[in-house]
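Chains as they are written, first to last, in the working numbering: chain A, 1 to 697; chain B, 1 to 120.
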């Protein structure tokens with residue numbers, strides 16, 4: 001039960017997050033029926049779970065909330081800001097009291113009372129001070145020394161077995177309540193050849209001596225009473241079945257439909273005189289056993305193992321799995337190389353299979369670590385709502401691309417930087433209502449958080465329509481702080497990037513209000529640790545956009561292995577559009593650096609030139625061209641020779657190579673040599689930036 | 001050979017709580033997270049189904065209706081879990097073909113008692 005509680009707590013926190021999300025949506029679209037339903041459903045689940053796990057105070061508390069939302073559901077109550085406020089406060093309260101569900105802490109208790117009163121105000125009900133009274137369902141058992149005798153008549157509906165019931169089990173249950181004799185009616189039972197095994201045509205007349213009450217006995221039939229005829233009559237306050245004579249007569253009657261004269265019991269007991277019954281008995285052994293057999297056959301099935309739907313795994317184990325998969329793939333590369341040399345058909349088949357399997361294994365292992373980014377959006381929504389209220393700013397927070405998936409660890413490390421950026425946008429980006437009005441902007445500010453795939457990266461953009469960043473102010477601040485020289489010539493972009501410099505606090509830069517938390521330099525450092533980049537664009541009075549670009553995969557990618565001189569390089573497959581052979585290598589060195597491919601003009605980067613490779617090997621062979629894109633621009637890379645597809649396990653380059661720009665890592669090839677992995681995004685940017693330089697000139 | 005039971009509930013904690021109780025009692029348990037998942041995992045090996053009422057994707061009542069449509073599953077006992085506030089749904093559940101219902105919250109061994117009513 002205790003480890004079950006851990007599952008409950010974990011799930012409760014997930015449900016609370018979901019609920020918070022739904023509430024915030026409801027705040028924006030108060031009439032959206034589907035969201036009201038969603039809110040209601042989550043509350044209901046949470047209530048059910050809480051009560052099952054003994055968190056009675058929480059269950060009761062949510063029950064009240066649920067009542068309010070039920071009223072909304074049926075149109076008797078309206079969604080209002082106040083209600084959302086109270087509900088959100090309630091969510092916070094629940095998070096608190098999950099740790100203190102008995103309300104031992106006075107503060108919690110007071111809060112509990114206070115919120116309950118507020119919630120009940122929406123239902124129009126008065127709050128009774130003690131909230132801990134729970135309806136307890138108790139079966140009252142009348143304490144009685146002796147057993148009482150009942151007569152039961154039970155005629156199940158014809159289709160009772162079709163609903164999964166087995167009337168014989170009910171009879172068995174009666175037997176467990178005390179002394180019992182059940183006699184079947186057999187008059188409706190047809191000849192065995194005409195017997196429909198799924199129809200129930202029997203009924204029972206039952207004598208039961210038990211300490212149970214009439215209600216407790218009726219309880220046995222609670223699931224079948226709608227389709228069956230059930231009557232329970234007390235015939236005596238004593239145990240008639242203890243009377244051997246009576247018992248004997250009943251047992252020998254055998255069939256319920258056989259004529260049976262109560263007088264033949266010849267009762268001497270006073271109580272026996274009360275017995276108004278003319279009931280009968282049973283036992284057509286062959287038939288009874290036939291029926292039993294049929295029922296038994298129907299219930300009889302085979303049992304096999306089946307996997308459960310989902311389990312929780314610790315992230316340590318996942319990391320370990322990922323490491324092993326990486327090692328496996330490196331080993332598999334060595335195996336492939338070895339096989340190529342051997343020219344052994346048997347070995348080739350095996351190698352191909354190993355390759356296929358390790359690829360599948362890799363994809364599955366990766367899939368396990370990916371989570372949609374929307375999991376963290378909810379937290380932001382809440383934060384924005386709270387802070388904008390605090391700052392008295394009206395802000396619409398729009399999220400897009402919540403289904404974009406990222407590695408779980410990246411998402412976790414991304415939360416804090418994003419929080420910080422959003423807080424900055426709210427605090428320093430979006431102007432006060434008055435300012436906005438004077439600038440002719442809509443009263444309501446907008447912050448957009450957008451995630452999308454871009455080549456091998458996932459980009460997260462935070463855009464606000466606030467006051468933007470004034471590059472002049474940053475410049476003078478930077479000079480003041482000694483970050484740049486007074487006469488430094490910087491492009492606007494470079495000036496904006498000073499914001500990320502360690503000598504700056506964004507707060508000081510953008511407004512004079514003191515900053516909160518860490519500066520933007522820490523944000524950038526965090527993102528760089530994830531092998532990501534952050535970029536800033538801003539226009540005064542129009543707003544600011546921060547773009548965080550993160551690698552989609554952490555450690556293993558599908559790549560294209562290419563050669564340049566003596567060296568091997570990997571181009572991530574996801575960034576590649578097409579490959580071409582360039583017949584005339586000499587033509588490559590044109591002045592404009594534009595190639596014509598399939599009637600398209602594409603800028604190119606000659607890798608030999610860029611990387612200053614002077615090896616003679618492969619120098620004169622026809623070059624090959626790989627066209628890559630980053631979602632916006634296409635660039636052709638000219639290399640010596642395309643080797644083929646390759647699964648690359650990316651290893652970091654280490655601190656000594658931190659300063660280079662176009663390589664994102666390295667990988668070990670099957671023969672033990674090293675290949676460098678191109679960072680295609682930066683290669684493209686190099687080209688795009690180079691172009692910008694040209695336009696400036 | 002232990003009897004196989006199918007537990008359908010969208011709440012993981014409830015699913016685990018119920019399952020662990022039934023496993024302790026010697027049953028073999030298959031778990032499903034919603035009505036559709038339940039239908040997918042149902043087979044003739046299943047001796048009894050315990051299902052929640054409110055679930056995303058497919059609710060309990062729809063699932064029961066679908067189960068009963070199949071002649072091979074007609075006889076499988078189905079226990080529907082409801083809450084106090086859903087008691088009016090009891091009849092809807094019964095009409096759909098549910099065999100029994102239980103009101104949440106319940107004592108852990110209460111469910112076992114009900115299960116034993118239908119599976120030996």
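Positions of the beta carbon are idealized from the N, C-alpha and C atoms, including for glycine.
Beta-carbon spacing of residue i, residue j below 7 Å
| i | j | result |
| --- | --- | --- |
| residue 232/A | residue 152/A | yes |
| residue 78/B | residue 98/B | yes |
| residue 649/A | residue 326/A | yes |
| residue 44/A | residue 54/B | yes |
| residue 573/A | residue 564/A | no |
| residue 121/B | residue 49/A | The requested residue 121/B is not part of the displayed model; chain B covers only 1 to 120. |
| residue 187/A | residue 209/A | no |
| residue 684/A | residue 630/A | yes |
| residue 328/A | residue 458/A | no |
| residue 526/A | residue 417/A | yes |
| residue 115/A | residue 93/A | yes |
| residue 664/A | residue 655/A | no |
| residue 30/A | residue 86/A | no |
| residue 773/A | residue 155/A | With chain A represented from 1 up to 697, any question about residue 773/A goes unanswered, as that position is not in the structure. |
| residue 108/A | residue 119/A | no |
| residue 337/A | residue 670/A | yes |
| residue 335/A | residue 351/A | yes |
Classification of residue i by the beta-carbon crowding that lies within 10 angstroms, buried from 16 upward
| i | result |
| --- | --- |
| residue 11/A | buried |
| residue 429/A | buried |
| residue 76/A | exposed |
| residue 666/A | buried |
| residue 646/A | buried |
| residue 194/A | exposed |
| residue 69/B | exposed |
| residue 389/A | exposed |
| residue 626/A | buried |
| residue 3/B | buried |
| residue 57/A | buried |
| residue 491/A | exposed |
| residue 83/B | buried |
| residue 486/A | exposed |
| residue 20/A | buried |
| residue 601/A | exposed |
| residue 1/B | exposed |
Opposing strand residues paired with residue i [DSSP bridges]
| i | result |
| --- | --- |
| residue 2/B | Partner(s): none; residue 2/B has no beta bridge. |
| residue 454/A | 457/A |
| residue 630/A | Bridge partners of residue 630/A: none, in fact. |
| residue 559/A | 572/A, 646/A |
| residue 419/A | Residue 419/A pairs with nothing; no bridge assigned. |
| residue 102/B | 81/B |
| residue 236/A | 149/A |
| residue 208/A | 150/A, 180/A |
| residue 355/A | Note: residue 355/A sits in no beta bridge, so no partner. |
| residue 676/A | 569/A, 666/A |
| residue 606/A | 638/A |
Residue i beta carbon near the ligand GTP (any heavy atom closer than 6 Å)
| i | result |
| --- | --- |
| residue 60/B | The model on display carries no ligand, and the ligand GTP is accordingly not part of it. |
*Identify each residue in the stretch 149-165 of chain A for which the Cβ-Cβ distance to at least one residue of chain B is less than 8 Å, and report them in chain order.*
Considering only beta carbons, the part of the stretch 149-165 of chain A lying closer than 8 Å to chain B consists of 161, 162, 163, 164, 165, in chain order.
_Taking beta-carbon pairs under 9 Å, can you tell me which members of the stretch 50-69 of chain A lie near chain B?_
Those would be 50, 51, 52, 53, 54, 56, 59, 63, 66, 67, in chain order.
_At a CB distance below 7 Å, what residues from the stretch 200-226 of chain A approach chain B? Give them in sequence order._
Residues of the stretch 200-226 of chain A with a C-beta atom less than 7 Å from some C-beta of chain B are 223, 226, listed in chain order.
*If we count Cβ pairs, one from each stretch, closer than 8 Å, do we get three or more for the stretch 15-35 of chain A versus the stretch 371-391 of chain A?*
Contact between the stretch 15-35 of chain A and the stretch 371-391 of chain A is present, because at least three Cβ pairs lie under 8 Å.
*contact_flag[the stretch 310-329 of chain A, the stretch 356-369 of chain A] where n(CB pairs < 8 Å) is 3 or more*: In short, these stretches touch, since the Cβ pair count reaches three.
*Count the CB pairs spanning the stretch 539-551 of chain A and the stretch 417-433 of chain A that are closer than 8 Å, and state whether there are at least three.*
The stretch 539-551 of chain A is in contact with the stretch 417-433 of chain A.
*Residues of the stretch 2-16 of chain B with a CB closer than 8 Å to any CB of chain A: list them in chain order, please.*
Within the stretch 2-16 of chain B, the residues whose Cβ lies closer than 8 Å to some Cβ of chain A are 2, 3, 4, 10, 11, 12, 13, 14, 16, listed in chain order.
*Three CB pairs or more closer than 8 Å across the stretch 435-452 of chain A and the stretch 521-534 of chain A*: The answer is no - the stretch 521-534 of chain A does not touch the stretch 435-452 of chain A, with fewer than three Cβ pairs under 8 Å.
*When the Cβ atoms of the stretch 212-226 of chain A are set against those of the stretch 145-164 of chain A, are three or more pairs found closer than 8 Å?*
These segments touch.
_Residues of the stretch 20-54 of chain B in Cβ contact with chain A at a cutoff of 7 Å, in chain order, please._
Flagged, chain order: 20, 28, 30, 31, 32, 33, 37, 41, 44, 45, 47, 54.
*Could you please tell me which residues of the stretch 79-98 of chain B, in chain order, have their CB closer than 7 Å to any CB of chain A?*
Correct list: 83, 94, 97.
_Taking beta-carbon pairs under 8 Å, can you tell me which members of the stretch 32-48 of chain A lie near chain B?_
Cβ contacts with chain B come from 41, 44, 45, 47, 48.
*Should the stretch 431-438 of chain A be called in touch with the stretch 397-413 of chain A, which here means at least 3 C-beta pairs below 8 Å?*
With a cut-off of 8 Å on Cβ pairs, the stretch 431-438 of chain A is not in contact with the stretch 397-413 of chain A, counting fewer than three such pairs.
*If contact means a Cβ-Cβ distance below 7 Å, which residues of the stretch 61-73 of chain B contact chain A?*
Under the 7 Å Cβ criterion, the stretch 61-73 of chain B contributes no residue.
*Could you name the residues of the stretch 173-189 of chain A whose beta carbon sits closer than 9 Å to any beta carbon of chain B, in the order they occur along the chain?*
The residues in question are 173.
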